[in-house]
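Enquirer: Residue numbers (the numbering used here): 14 to 373. C-beta atoms are modelled at their ideal positions from N, C-alpha and C, and glycine is treated no differently. Since this is a predicted model, take the numbers as computed values, not measurements.
#1: CA-CA distance, residue 226 and residue 319?
#2: Give me the Cα-Cα distance between residue 145 and residue 244, rounded to the nearest whole angstrom.
#3: In chain order, what residues of the same chain have a beta carbon less than 6 Å from the beta carbon of residue 119, not counting five sequence neighbours either side?
#4: In terms of alpha-carbon separation, which member of 325, 112, 185 lies closest to residue 170?
#5: Using DSSP's beta-bridge definition, name the partner residues of residue 171.
#6: Does residue 8 come out as helix, strand or coil in the three-state DSSP assignment?
#7: Can you give the Cα-Cα distance for residue 102 and residue 323, rounded to whole angstroms?
#8: Spell out a yes or no on whether the segment 66 to 79 and the segment 29 to 48 are touching, meaning 3 or more CB-CB pairs, one atom from each, closer than 8 Å.
#9: Just reading off the beta strand (DSSP E) that residue 94 is part of, what are its end residues?
#10: Tell me whether the segment 172 to 189 and the segment 15 to 25 touch, counting them as touching only if at least three CB pairs, one residue from each stretch, are closer than 8 Å.
#11: When the Cα of residue 27 is compared with those of 196, 168, 136, 60, which residue comes out closest?
#12: Mind checking whether residue 208 and residue 192 have CB atoms under 7 Å apart?
#13: So what does DSSP say about residue 263, is it helix, strand or coil?
#14: Measuring only the C-alpha atoms, how far is residue 173 from residue 359?
#15: Excluding the 5 residues preceding and the 5 following residue 154 in the sequence, name in chain order all residues of the same chain whose CB lies nearer than 7 Å to its CB.
#16: For the segment 306 to 360, list the beta strand (DSSP E) runs that are entirely contained and at least 3 residues long, ordered along the chain.
#17: Taking DSSP as the reference, what is the three-state secondary structure of residue 119?
#18: Could you have a look at residue 40 and say whether DSSP puts it in helix, strand or coil?
#19: Assuming the contact rule is C-beta atoms closer than 8 Å, residue 339 and residue 326 should be a hit. Round their C-beta distance to whole Å, please.
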């Protein structure tokens with residue numbers, strides 16, 4: 014099987030699974046270690062999203078054939094290999110997110126909110142133009158917050174409550190347009206980046222209080238994805254530079270940043286922020302990355318922290334179906350070390366070959 018350019022890559026909410034979409038179907042992999050667990054070798058899909066480890070996938074076609082329209086959302090039952098329901102939209106679906114109680118679908122100027130069980134529309138939100146479909150939804154249903162761009166020329170984030178169907182607050186995260194929004198698995202933190210890609214900021218939810226500003230680098234770069242670790246102790250960001258950064262956001266460090274014990278430091282930072290020009294203010298607030306990992310990818314890629322406790326790994330997967338697995342020291346940080354590399358296509362071939370050899 015020759016390597017092909019993938020159309021979609023994403024991790025599920027608890028970073029235990031990876032889904033891919035291509036010109037020839039979709040695949041689902043289990044992570045740590047890699048293992049192909051499901052595939053369909055027909056259709057073309059630009060969105061393939063899974064809720065945790067459920068039997069449900071959300072599919073959006075790439076439009077290469079009439080049957081796989083980019084304006085149609087399909088909920089697919091993996092076990093039965095059949096569609097459960099389909100919903101059509103007036104424009105191309107740009108992104109989809111889901112949790113146990115809500116599914117949100119984004120088109121260029123609107124967000125549709127559905128009840129996950131019934132697929133009945135709960136609300137439709139008119140938004141500023143959002144051509145990249147930037148959106149984030151709380152993975153758990155205890156706090157069901159939806160985050161999306163709130164300005165056409167600034168990096169502001171609208172916090173919306175998907176239970177009460179009310180706007181909660183607007184976070185003025187960046188001066189430049191947003192590039193990415195992420196929410197922690199527990200739903201109490203969000204992270205943002207702008208199109209400049211030099212700073213990553215972390216805010217509390219739903220209040221929108223700024224907790225951290227992290228420096229990715231001095232030169233501009235495209236942020237490919239941001240993701241919290243499952244326990245919200247670390248934050249990962251990867252970019253077009255090929256470097257993956259991990260930032261330490263453990264509770265004791267948050268307490269040091271915003272606690273009463275650092276009131277003198279906070280007062281100084283506030284005064285400096287008021288006196289200095291805006292582009293210099295972050296100098297007094299930024300923290301550098303705790304861990305760095307360097308990839309060799311020539312294509313766009315995504316990355317995540319997988320595992321729990323002291324057995325954490327970094328997994329990076331490119332749109333050319335290459336993958337890297339890094340180990341890192343979660344106590345002392347530093348440079349991550351490559352432990353494994355390969356191709357998703359070879360994993361697929363191995364699994365298919367094994368199943369074929371078992372036939373009689």
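Expert: Based on what the coordinates show:
#1: C-alpha separation (whole angstroms): 23 Å.
#2: C-alpha separation (whole angstroms): 28 Å.
#3: Once the five neighbours on either side are set aside, the close Cβ partners of residue 119 are 107, 108, 146, 148.
#4: Out of 325, 112, 185, 185 has the C-alpha closest to the C-alpha of residue 170.
#5: According to DSSP, residue 171 bridges with 161, 183.
#6: For residue 8 there is no data in the structure shown, the boundaries of the chain being 14 and 373.
#7: The alpha-carbon atoms of residue 102 and residue 323 are separated by roughly 44 Å.
#8: Contact holds: three or more Cβ-Cβ distances are below 8 Å.
#9: Per DSSP, residue 94 belongs to no beta strand (DSSP E) and is neither H nor E.
#10: Fewer than three Cβ pairs drawn from the segment 172 to 189 and the segment 15 to 25 lie within less than 8 Å of each other, which leaves the two stretches out of contact.
#11: Distance from the Cα of residue 27 is smallest, within the candidate group 196, 168, 136, 60, for 196.
#12: With respect to the 7 Å criterion, residue 208 and residue 192 are classified as neighbours on the basis of their beta carbons.
#13: Residue state for residue 263 is assigned as coil, using DSSP reduced to three classes.
#14: Within the model, the alpha-carbon separation for residue 173 versus residue 359 is close to 42 Å.
#15: Excluding five sequence positions before and after residue 154, the CB atoms of its chain that fall closer than 7 Å to its own CB belong to 112, 113, 114, given in chain order.
#16: Qualifying beta strand (DSSP E) stretches, in chain order: 314 to 319, 326 to 331, 335 to 340, 350 to 356.
#17: Residue state for residue 119 is assigned as strand, using DSSP reduced to three classes.
#18: Looking at residue 40 - three-state DSSP - the assignment turns out to be strand.
#19: The beta-carbon separation of residue 339 and residue 326, rounded to 6 Å, stays under the 8 Å limit for a contact.
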